[in-house]
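These notes are about the structure you will find just below.
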Amino acid sequence: MKTMKRNTYKIAGVCLLTVTMLSCNKRLDEVNPGGATADVTWSTPDGFITNVNGAYQEQRAFYGKEDGLLVAESGTDLWFNANKASYATQITRYSNLTANTSGSAGTVFRLFYRAINVCNAGINRIDGAGFTDEAIKNRYLAELRFLRAFYYWHIVEQFGGVNLRTTETSEVELTAKRSPVSAFYDLIISDLQFAAANALSPDQLGNEYSRASKKSALGLLARAYLSRAYYATGSERQNYFTLARNTANEVIARKEEFGVSLYASPAELWNPANNKRNREALYTISNSTNPSLDYDNNANRLHAWFLTQYSNKPGLTLSIPYGFDNQRRLQPTRYLLDLFNEQMDGRYAASFQETWIANSTNPGTTAYTWTAAQAATYGKAPSVVGTPVVSGRDIAYQVTKNVVADKATKPWVLYDRNDLFETDGRIKSITDFVALKKFIDNTRTIPNSQPGYADIVVIRLAEMYLISAEAEFQLGNVGAAAQQLNVLRARAAVKAPVDYTLAMQANTETMLATSVANGGGIKFILEERARELCGEHLRWFDLKRVLNDNNFASYIKTQNPDITDVQDFHRLRPIPLAELNALSNAAEFGQNPGY
Amino acid sequence: MRKIYLLFLLLLATVVVQAQNRALSGRVVDAGNSETLIGVAVTVKGSTTGTITDVNGKFTVNVPAGPVTLVIKYVGYAEQTVTYTAADQDVTVKLAVQQNALDDVVVIGYGTIKRRDLTGSVSSVKAVDIARTPTHNALEAIQGRAAGVDITRSSGAAGSGVNIQLRGTRSIANNLSGPNLNSPLLVVDGVQNGGSINNINPNDIESIEVLQDASSTAIYGSQGANGVIIVTTKKGKTGKAKVSYNGYYGINGFTQFPQPRTGDDYLNLRRESYRGITTNDSQIFTGNGELAAIQAGAVVNWVDLATQNGSQQSHTVNVSGGSETTKAFFSLGYFNEQGQLKNNDYTRYNFRYNIDHKLNSWAKAGIVGQLAFSENNARRDPLSVALTAFPYGNPYNADGSVNTFPISSYYTGAATGTFLNPLTDERTNASVDETVGTEINATAYVELNPIKGLTFRSNLGTVLGNSRRGQFNDAFSLLQNNLRYSLATVTNNNSRYYNWDNIVTYNRDFKKHSFTVTALSSYIHSDVDVSEASGTNQVLSSQLFYNLAGTSQTVGRNISSGFTRYDLLAYAGRINYSYDGKYLFQATLRADGASRLAPGKKWDSFPSVSAGWVISRESFLSDVSQLSNLKLRASYGISGNSALGPYSTQSLITPVNMSFGEVAAPAYSFNGIVVSPELGWEKSKTLDLGFDVALLKNRITATVDWYLTKTSDLLYPRSLPQSSGQSTIFQNIASTQNAGINASLTTVNLQSKDFKWTTTATFSHNSEKITGLIDGRDIINTETNSLFIGSQIQSFYSYQKTGIWQLGENAAAVRFGTTPFKAGDIKVADLNNDGVIDATNDRTVIGHVQPRWYGGLQNNFSYKNFDLNVFLLARYGQMVNAQFVGRYDPSGVLNSPANFNYWTPNNPSNDFPSPGRGSLANLYPGTYTSLNYIDGSFFKIKNVSLGYTLPKTVTDKIKVGSLRIYATGSNLFTFSKNDLLKNYDPERGGAESSPLSRQLVFGVNLDF
């Protein structure tokens, strides 16, 4: 009996333990003190700013990165693969461009829609974010709407009338429908109009100068009106050209209010010292020298992609002012170089580098002395053997678009027009080319490092003159168009020793009145844009806008005969296969024509 | 006891009567560890004469003159019959532990069972086999020794772990970051997830059991959906204290890795890429100093320089013993591996303590656990760089230090450039990646027996981990190449884990009926916090990561931290019933709750039933003497898997870097995952049919299982259209089916006095397929991440390479997109014969990651004091994504393996496409990946071990119990089906970093 009793206690104890354990059901509630959800974070004014800031992110995946540059500049009349290499040829030459090998275009599609979703989230959530000051709320809404318009402008120009989304994706969505291009522009224009009215003035931005402000919104709006006009006909077309002109002119008129102005010369414009807070900028992508503040470790690599390889030449070594030459991507076509009359037009010297002074030793000391072996390698006359080349003084390397008559006797490595190009304009040299130096980056501190921290000017004042001129031209106001172009041409003119200002302006109106067949009219405007904006992430959009489904391919092939695979349907990029594969109504949605 | 006296009397009588008889004396030892065996029955065949061994394992038996046959029997060991000649004296009999002995106790979930009563599918590997492979990881040691378990070493880096998978893939949501959702549950001494297997000294392990079918794993519910591996560590035994030492030392290296092109072989490829463009070397070798280095003939084989022969050693001392009330096992272990790369090593110290104490007649308690301390120096693998680097230059400076820019001396100008030495990380303080970790496992239990048959056990297992990873890479390290600033990072990880299980077991036998009822509750809690700090531009590189205050104050400091917690709660019950050991039955029900699932979906329950029929015990088979055992088994059950990481049902946003000017701007973006609160458990229904058979007095034993697992509601991160701006959404989307056969066969082929040969073979075949997807459409994402109904989960979806377009063929008749093919291009199958290769119509499933079958073959030979083990391993029918095959660079700018045969107009190869100016991806967009996917089938000699046990006379002299010395070679030879895998060990798949190395070690097993 006693044992029985003891056993009872034991069993009771066991049961007690088990019951204790059963009572911890509430421990199955998830505990996540470190996590952030959209609902919580973006519901207060302070937290909401993280949405606005996050919406800028993907622009920085475009500017300063290869995908952005290739999509926006290559595959045009101006550029071909550096050294004729086979690199990203889907984009640079339209070779093998398919839905599944759309390269950089596919990346842009994915990233920009990602950003649009963040913008949509912010735009639709801002009323619940608890802003009490309407002006402050609208200021952030203006930034978001500017950004959405920015992303959609790229999407619609690259891919045409695809999926226009204005709400945040919060549940499974496996279908998409196409919207007409006009619907995209309706959204873009209304977003930018709101932004232009409600964004901060540039002077209110202070040190955060690279946020979108009124000048950015108006600048992008002018660009959007201009490209919208080309989709329209009749009076609607005239209407959009008028709006484009008026908006561009408004920016020009308000430039003092916006604190922007043209530099006196192209050299000043592209002086690396003027890179940060560039006076001409309407909208800027800024990079910080602190890598933890940048989008990624690459920051800005634009500086590397247009350079020819100079550092393997005698007397030269990698340096900051000459740049990082080991990642060559694009080289200019003969057509681009020949657009410039470099005697008169200062933009050539400010944009391109043709000569390199020896730098491999201390300035004033002999970098090297020509040997017979070197003379043989570089095709020099025996007379150069024994000639010393002094750092900081003597030319070590020259690549020129012109013909040099006596190049064998020049005591430096020299490639001239005949080395660079075939007579039909195709690229001949597989090693050397004239380098675009607009993006030389003095924020770099080590010559063989790749990231640069320079800013990228996305929209600048000069483009407003070009937009205004193009709109005036399309409205039939050739005189007004010439007037706007001449502002830039006057600024571009070489002033000393001879002042070419008048010469630069002299033929503008005549050229605008000349037929396209004779190199005038809209072709002249396209050429002026190339002279002013080459390399600045606009050329593909310019060709896409101005050319049409009958002349896109033939125009590019004529100016850039190395591009042989381009076809007219390439005016639109293919919808990435990843998008179509994920859609349950892919057949209904459809691929862009030709692919 | 009385019987024994009688026996002695009888013996004595015999001796007196038969004066011409002689006395044969000898000793009986364990064949595995040479321990003496006490109380072994020794009888003379054909007579009633017999004896038992004394406390020293010795016996003396009177036998007739002439040859005599002894029968030696001992519980738990295989019976042995040995014939001796008249001259034999002082013989040693080695008894082997009985293979598949039906009385073996098998550890199952929350209890043990005799193998004869088992109804599920459980493989078991014992200590002897575990200690045979020289590795730090016990799971690598059981590779190929248990059917149904596919184990491969994950990489050749020092201290790296294994990939393990049971009976195929069920969960799909596998390739996301986070835990491998198909990996089995590890139970260490009753504790679920009781620490990392990498931290357990294989010498401390008594047995490893692998529970495979649903009825065996059901007691673990959701935790056991992918099988359960139970590790039981050694315990003290009552008796004299024993001290033993096990150790080995050896070489680690002789790595199989493709050799890079050197000399003309390299130059010709690069020149060939300019065919028709130029033949002028100065236009071809344009990199800074390249041409001069070639002209100087400074050839380098970077792969040779990057690899070395490392070493591997292990030393374990353990003490075991105990009284009637207290038993203890202690061990101290040291393991060190020096990898095949300089500065890559792994060191581990283990302190284990297992103590059991009997408090009184109805209560006992104990504490089991260990402290493991490990230090791992990892290294960014330089082999891919070494394989592809320009094969010329001066690798070292005159003083023997690494020359950072190996061809800088071949051109004028500053001693810098862009070609960084592949060995750059070998410079002093250039690159450090050191992880020191401590893991403390402490498990305490109390077990009460209040009344006969009733046991209550409460088991509290804790695992406390902390680790610190410190990384430093200077401006010229491989990692910071391109960026050119140094980066120092410290990451601290603290984890707390506990598992509290309460188990009540009631056991009752009456007449021929036997019942066991088990009820339990189980609670698991885990929380981990991580903090990380990094800085750039460390002023003194010698400070490495030890002084982050020395990094630049203004530029590039980063801090972050994170926290993850989850909880699991479960209740389960099990009933076992046996009638006369003939009819066996088991039923289990478990209810599981997981914190990571959404409210309302957290709980689910999982039942299973199983039955066994021991036919050999039926009277109608009692006459068949050849049949020692025959049992049929069947089981069916449902298990679940919450195949998601914690917080997967919360819509999270992630911080991103953003600034305006130099002003930091806090920013968040979506993390790409749209959540759906509807997510529920994945469920697997498994049917398992099997039989165990033993023939000819257990000389042949075999176990065969057939299984069919149907898994439904599989969670999958489905790709959303890119225009949604999000990437994926988790959905219960798919169903899969795995069916297969596991078999193992052990035979004693030869057994005589001096020579014994046994063979164990395991064979596993699994066929896996997706049986359904949410809307019946295949899900096409990337080449390695798409799902097709009817195919395996991890399938490769690409173009089917059929060769290279040759000169005589009409290549231009087929186009890729709009571009016609030409001779020398990769030729792929035009599946719909429309003359256009396109991604939608011409890609297909060309292979899969899981093998068609895999198996192991273990042969043990012993001759007198020598023993030889040969272990072979094969995996067949899997495809690998061979990274280094994709290293072929048609432009020759990057080097590639020497044995790659590329096409030229004069060399109509079908292996690799024509050289040209651009990378594979640029010259052959789309089709180039079809090169990488190749047949990874292989067969390898995994281990050969030769041992010698010193004779008793010698060991007595040097006053030790027993001493065995041995040599073991691992990963010795590999034979691959595909020639491109020549010079490569494909066991770990196709990755090129950290290839597997060979080991050759020499060791001793010593008992005092």
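Keeping their order, the protein sequence lines are chains P and S.
Here the first sequence stands for residues 9 to 603, where the numbers follow my numbering.
Here the second sequence stands for residues 922 to 1929, where the numbers follow my numbering.
Yeah, the Cβ is synthetic: ideal placement off N, Cα and C, and Gly gets one too.
{"Asked": "Measure the C-alpha to C-alpha separation of S:Asp1626 and S:Asn1802 and round it to an integer number of angstroms.", "Found": "31 angstroms"}
{"Asked": "For P:Met519 and P:Glu471, I'd like the C-alpha separation in whole angstroms.", "Found": "19 angstroms"}
{"Asked": "Could you confirm whether any beta carbon from chain P is found closer than 8 angstroms to the beta carbon of S:Ser1590?", "Found": "yes"}
{"Asked": "Apart from the five residues just before and just after P:Asn600, which ones in its own chain have a Cβ nearer than 8 angstroms to its Cβ?", "Found": "Phe167, Gly168, Phe577, Leu580, Arg581, Pro582, Ile583"}
{"Asked": "Quick check on P:Pro419 - is its C-beta less than 8 angstroms from some C-beta in chain S?", "Found": "no"}
{"Asked": "Quick check: the Cα distance between S:Gly1099 and S:Tyr1568, rounded to an integer number of angstroms?", "Found": "Caution is warranted here: a pLDDT of 44 is assigned to S:Gly1099, below 50, making its placement in the model unreliable, and no coordinate value can be reported."}
{"Asked": "Could you please give me the residues that DSSP links to P:Gln67 through a beta bridge?", "Found": "According to DSSP, which records beta bridges pairwise, P:Gln67 is partnered with nothing at all."}
{"Asked": "Note down, one range per segment and in chain order, each alpha helix (DSSP H) of at least 4 residues found wholly within the stretch 250-275 of chain P.", "Found": "263-266"}
{"Asked": "Return the CA-CA distance between S:Glu1689 and S:Arg1088, expressed in angstroms with no decimal places.", "Found": "9 angstroms"}
{"Asked": "Going by DSSP in three states, P:Val392 sits in which element: helix, strand or coil?", "Found": "helix"}
{"Asked": "Alpha carbon to alpha carbon, how far is S:Ser1136 from S:Gly1558?", "Found": "6 angstroms"}
{"Asked": "Apply the 10 Å Cβ neighbour rule to S:Ile1879 and answer buried if 16 or more other Cβ atoms are within range, or exposed otherwise.", "Found": "exposed"}
{"Asked": "Short of 6 angstroms in beta carbon distance, which residues of its chain neighbour S:Ala1623, apart from the five on each side in sequence? Order them along the chain.", "Found": "Val1614, Leu1666"}
{"Asked": "When you compare the CB of S:Leu1097 with every CB in chain P, is at least one pair closer than 8 angstroms?", "Found": "Because the pLDDT of S:Leu1097 is 39, which lies under 50, any placement of that residue in the model is unreliable, and the number read from its coordinates should be weighed accordingly. So, not an interface residue."}
{"Asked": "Given that P:Thr297 touches chain S, what residues does it touch there, using C-beta distances under 7 angstroms?", "Found": "Val1476"}
{"Asked": "Please state if the CB of P:Trp548 and the CB of P:Ala261 are separated by a distance shorter than 8 angstroms.", "Found": "no"}
{"Asked": "Once DSSP output is grouped into helix, strand and coil, what is the label at P:Tyr102?", "Found": "coil"}
{"Asked": "Using 8 angstroms as the Cβ pair cut-off and three pairs as the minimum, do the stretch 226-239 of chain P and the stretch 435-455 of chain P touch?", "Found": "no"}
{"Asked": "According to DSSP, is S:Ser1098 helix, strand or coil?", "Found": "Confidence at S:Ser1098 is low in this model, with a pLDDT of 40, below 50, so the placement of that residue should be treated as unreliable; the coordinate-derived value is given next. Here S:Ser1098 sits in coil by DSSP."}
{"Asked": "Strictly below 8 angstroms CB to CB, what residues from chain P border S:Leu1641?", "Found": "Thr177, Val180, Glu181, Leu182, Ala590"}
{"Asked": "Rounded to whole angstroms, how far is the Cβ of S:Ile973 from the Cβ of S:Val961, which I believe are closer than 8 angstroms?", "Found": "6 angstroms"}
{"Asked": "Kindly give me the distance between the Cβ atoms of P:Leu585 and P:Asn171, rounded to whole angstroms, as I take these residues to be in contact under 8 angstroms.", "Found": "The Cβ separation is near 15 angstroms, so there is no contact."}
{"Asked": "Just checking my contact of S:Ala1508 with S:Tyr1492 at CB under 8 angstroms: how many whole Å lie between their CB atoms?", "Found": "No, S:Ala1508 and S:Tyr1492 are not in contact; Cβ-Cβ is about 15 angstroms, not under 8 angstroms."}
{"Asked": "For a contact defined as C-beta to C-beta under 7 angstroms, what are the partners of S:Gln1392 on chain P?", "Found": "Ordered by position in chain P, no residue passes the 7 angstroms Cβ test against S:Gln1392, which lies about 15 angstroms from the chain."}
{"Asked": "Output yes if chain P places a C-beta closer than 8 angstroms to the C-beta of S:Phe1581; else output no.", "Found": "yes"}
{"Asked": "Out of S:Arg943, S:Asn942, S:Ile993, which one is the CA nearest neighbour of S:Lys966?", "Found": "S:Ile993"}
{"Asked": "For the stretch 1121-1146 of chain S, list the beta strand (DSSP E) runs that are entirely contained and at least 3 residues long, ordered along the chain.", "Found": "1126-1132"}
{"Asked": "At what residues does the alpha helix (DSSP H) containing P:Gly111 begin and finish?", "Found": "111-133"}
{"Asked": "I'd like the span of the beta strand (DSSP E) that includes S:Pro1638, first residue to last.", "Found": "1621-1640"}
{"Asked": "Specify the secondary structure class of S:Leu1344 as computed by DSSP and reduced to three states.", "Found": "coil"}
{"Asked": "Report yes if the CB atom of P:Leu324 is closer than 8 angstroms to the CB atom of P:Ala404, and no otherwise.", "Found": "yes"}
{"Asked": "On a CA-only basis, which of S:Gly1116, S:Asn1124, S:Val1149, S:Leu1107 is nearest S:Tyr1132? Give me that one, please.", "Found": "Correcting the residue type first, residue 1132 of chain S is Leu in the shown sequence and not Tyr. Checking every option, the nearest Cα to that of S:Leu1132 belongs to S:Val1149."}
{"Asked": "What does the Cβ neighbour count give for S:Glu1245, buried or exposed, with the cut at 16 atoms within 10 Å?", "Found": "exposed"}
{"Asked": "Pull out every residue of the stretch 1737-1767 of chain S whose Cβ sits closer than 8 angstroms to any Cβ of chain P, in chain order.", "Found": "Phe1737, Gly1738, Thr1739, Thr1740, Asp1759, Ala1760, Thr1761"}
{"Asked": "I want to verify the contact list: residues of chain S whose CB lies under 7 angstroms from the CB of P:Ile196, in sequence order.", "Found": "Result: empty, since nearest Cβ-Cβ is about 16 angstroms, beyond 7 angstroms."}
{"Asked": "Can you tell me where the alpha helix (DSSP H) with P:Ile163 in it begins and where it stops?", "Found": "142-167"}
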